[in-house]
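Structure, as structure tokens:
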Amino acid sequence: MHKSSIIYSIIFYVLLAVLIVIVAHGMLADAEKIALREFGSEKLTIAYETMHGIESAVSSVKDNIEYLATFPQIANLDESASRSIMKGLFNSINSIVASITRVDSSGIIRITVPYSDFEGYDINYQEHIKRLLKNHQPVIGGPLKIVQGFDAFVIHIPTFKDDSIFTGSIAGVIAFDTLKSRFIEPLLGDTNEIVWLANAGGKVLCHQKYKFGKQIEEIYSDVNDRRLLNFLVDFPIKDSGWLTYKDSRGRERILYWYCKRIGFEKWVLGIDVKEEAALASLIPLKKKIIISSILALLLAVLGVLAVARLTERKSVIEQQRQFLKIADYRREKLEYILQFARSLLTDDMSIDPYLKIIEGAKSLLDAPIAMEWKFLNANGELIPEHSIIGDYRIAEELRSAGIDIAQVPLPVVIGNIDLSKLSGYVAISVDVFSDISAQWKVIVNTLKSICSTENFMVIPFSVKDRYFACVVVPENEESIIGSEFIESFRISVSQSLYIRSILSELIANNRINQDVLKNVDKAIFLVDSHFTVLSASPVFYRLYEVKEDAIGKNLFEVVPFLKNLHLEEIFRDVIRTRMSRETEETYLSSEKKRRFTRTKIIPIITDGERVERLLVIVDDVTEFRLLEEELKHTADELAQKNHQLAKLAITDELTQLKNYRYFIEQLPNYISQHRKKGIEMSLLSMDIDDFKRYNDTYGHPAGDRLLAEVADIIRGFLRSEDLGVRYGGDEFVIILSKTDRIEAQDVAERLCSRIARTSFLGEKGIRNEHITVSIGIAILTEDIANAEELLRQADSALYESKRSGKNRITIYDAGGENPKNRKNIR
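First residue of the sequence shown? That's 21 in the numbering used here, and the numbers climb one at a time after it.
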């Protein structure tokens, strides 16, 4: 093999190993992306649930405070009775509320539960109190440090005597330490995880380390990563998301955040974790990929060594060929006489000469033997028909070089032996032997085991520094070599040397095969056409949990469950079609765990085109299949959660109609589509008449049920192309596609009538209460410039319905702004 071929082979194996490593690390990178998405989805879901938990807690406090404000004793500032009622409520909600306070119309604290030390304090200097005293509307104040000493925010609900005279407010104080212990601290997974709560202005409300009032920039003051700095500059960038950054020590971290409006401002929940926490589940996979990469490199090394070994052997043969072509045979006389031993075969041939030949040949695996016997008659004349060369491969090499080993001249006398009286000799190449004397002893003993003559003489000599040996049989009257012996000896030696050459190749190849089988992580085994196991790698025994030696036994008796997997039929089909097959199997191991395998069956076809062997390669793909199933399950869960989040983002939670945000986004699209198609569209704005009276009379839960039932009625009037929206409070909006003025009027009348006929919950939970609604209708015309104009016209028509006595429908006329241009149809 040329030097360039060697280099190309080495480059091929190295590139193959590098490719395997690159593919393995590419798979790891993909797995890391999936793990980060899954971990991020989980953290954002936790943040979402936590913020909704905070919102629910705040709403619950607000509802209870509003309920408290309806008591006459509270509204009339009956201090004794009010204190008792406030204590009762405080005891039921003290898990979230730090205190309940009654403030009079001048902004002075009159009653505080459970603390009375601050009664009489004037707090009308506080901004939220100023708004309350001016507007007489509910106020959520904070975050701030209140007079009781809490870092908190306050919910103020105004109180009215006789439903009209403003008498101050009743307030609930929610301390941020309470939110921290109830909602923030349960999120802390480990010491490396940071959780904080801040408002939209960047003020820290809760943090496991920093106190209330710090700015969010101060928490990350030692971080100089631009990704995080950009986030802090535009804090918060969007309602939810995540980003990666490097901390002051250069470690990768991930910050997840979720925003939620609490009261009159937006709050942000942040969860800051190490990136390695998100990738913890991939540590076993990383180890396996590293091991696989090392095995790939080892296979590359084995490939390079195999190429080098083959190259070396071919180089030796090439050197021998060149030497024989130009050899000028010089002879040196060396005399070396080995001990002679008598070795005669017994008459019954109990000792098998072939076995001895093979046994002796095991130590000569790398020694090519060129063998020539020259037989002489009693007159010393050559008997040509008995001159043979046993190793046919080297004979071809000699003939191609034009050399006849029988004609190589020897000295007339070697030692004390006259060569003219020799019965014959053998020339054997021993240039690869380091210890000539030991190897000759093996050769002589092997040859003596098949010869019936008494004496040998072995005479070494060299030609061009290449060693040969002349094995000499002297002529002896008592042991004349007859024709029968000559024929027997010729056949025996020729067959034995041929067997030795095949054995040499088999042992060398087997040594390489065994090295490969021991280092490959697949189960590889060879069976004959009757499914008898001929060889098997160590992984075969581990994968199929075989405890005994399988060689020489039927495969389906050693591994019975393979029959249940229909592999026997597949093996027969491969033998019949002489085509390779690949299958995948699933079965339970002895530990009742699922195992997945991929099996490749390759037929080995002889010269007669018969399949005599099957090479089977089994790859254990259990981990990849389980990971694939897990990733699919995770992807399905993630898609479901994303769908739920998307639905929650555009749906009103109470009524399950679309919310204000979705309506504002979609109204321009509806207008654009209808104008493009040249069809009409109507917009209905609807408000429940005297909803506050109903809500005050029967309470907020009853009011919520009423809104939900009205939404159900609205849903019954919607077609697939229409859109129903809870606009806010007790106001609803309906987009009627492909609907002109007359059709919109018909829908509105039927809707009003349907609601008016419905009985809603009243006193003692009995459905005996009836309500009415007012509706304003705007029709999409060419004069309407945009969505805001259409919505303004519908609101204007609704206002006219309310002003004209409620329980009415008004259609806005496009002719002008005055009431006379609006048509009241009820």
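Backbone N, C-alpha and C fix where the C-beta goes; we use that ideal spot for every residue, glycine too.
Note that the structure is a prediction, hence the values are computed from the model and not measured.
The alpha-carbon of valine 324 is positioned some 24 angstroms away from that of phenylalanine 545. When secondary structure is reduced to three states using DSSP, valine 566 falls in the coil class, being assigned neither helix nor strand. Buried is the label assigned to lysine 678, since at least 16 other Cβ atoms lie within 10 Å of its Cβ. When Lys573, Val547 and Tyr690 are compared, the shortest CA-CA separation from isoleucine 625 is found for Val547. Residue pairing by DSSP puts threonine 606 in a beta bridge opposite Phe616.
DSSP places threonine 654 in the uninterrupted alpha helix (DSSP H) bounded by 642 to 670. Secondary structure of tyrosine 135 (DSSP, three-state): coil. DSSP places glutamine 146 in the coil class of the three-state scheme, outside both helix and strand. In the displayed model, phenylalanine 683 falls within a helix according to three-state DSSP.
In the displayed model, glutamate 802 falls within coil according to three-state DSSP, outside both helix and strand. Rounded to the nearest angstrom, the gap between the Cα atoms of isoleucine 175 and glutamate 238 is 29 angstroms. Listed in chain order, the beta strand (DSSP E) elements of length 3 or more contained wholly in the region 45 to 132 are 119 to 123.
The alpha carbon of glutamate 649 has as its nearest neighbour, out of Ile637, Val638 and Arg614, the alpha carbon of Arg614.
Within its own chain, the residues whose Cβ lies closer than 6 angstroms to the Cβ of glutamine 235, once the five positions on either side in sequence are excluded, are Gly222, listed in chain order. Annotated as distal: isoleucine 733 and alanine 764, with beta-carbon spacing of 8 angstroms or more. In this structure, Phe32 is the residue among Ala195, Ala101, Phe32 and Pro688 with its C-alpha nearest to the C-alpha of leucine 322. In the structure shown, glutamine 157 falls within a coil segment according to DSSP collapsed to helix, strand and coil. As DSSP reads the structure, aspartate 548 sits in a beta bridge with Arg633. In the DSSP assignment, cysteine 226 forms a beta bridge with Leu217. With 16 or more other Cβ atoms inside 10 Å of its own Cβ, asparagine 715 counts as buried. The alpha carbon of serine 189 has as its nearest neighbour, out of Asp245, Arg271, His227 and Ile85, the alpha carbon of Ile85. In this structure, the beta-carbon distance from lysine 280 to methionine 71 falls below 8 angstroms. In terms of CA proximity to leucine 315, Leu36 leads the group Glu568, Leu36 and Ile291. Beta-bridge partners assigned by DSSP to alanine 556: Phe545. Rounded to whole angstroms, the gap between the alpha carbons of isoleucine 274 and threonine 264 is 4 angstroms. The beta carbons of alanine 543 and valine 641 sit about 12 angstroms from each other, so the pair does not count as a contact at 8 angstroms. The count of Cβ pairs closer than 8 angstroms, one atom from the region 771 to 786 and one from the region 661 to 679, stays below three, leaving the stretches out of contact. When Cβ pairs closer than 8 angstroms are counted between the two stretches, the region 659 to 667 is seen not to touch the region 592 to 600, the count staying below three.
In the three-state reduction of the DSSP assignment, phenylalanine 737 falls in the coil class. One thing to note: leucine 818 has its Cβ within 8 angstroms of the Cβ of glycine 796. Of the other Cβ atoms in all chains shown, 16 or more fall within 10 Å of the Cβ of histidine 148; this residue is therefore buried. A Cβ-Cβ separation of about 6 angstroms places aspartate 267 in contact with valine 243 under the 8 angstroms criterion.
For isoleucine 755, the enclosing beta strand (DSSP E) begins and ends at 751 to 757. When the alpha-carbon of glycine 60 is set against those of Ala655, Val78 and Glu139, the nearest one is in Ala655.
Contact check between the region 123 to 143 and the region 198 to 209: fewer than three CB pairs, one atom from each, fall below 8 angstroms, which does not count as touching. Between glycine 290 and tryptophan 216, the gap from beta carbon to beta carbon is short of 8 angstroms.
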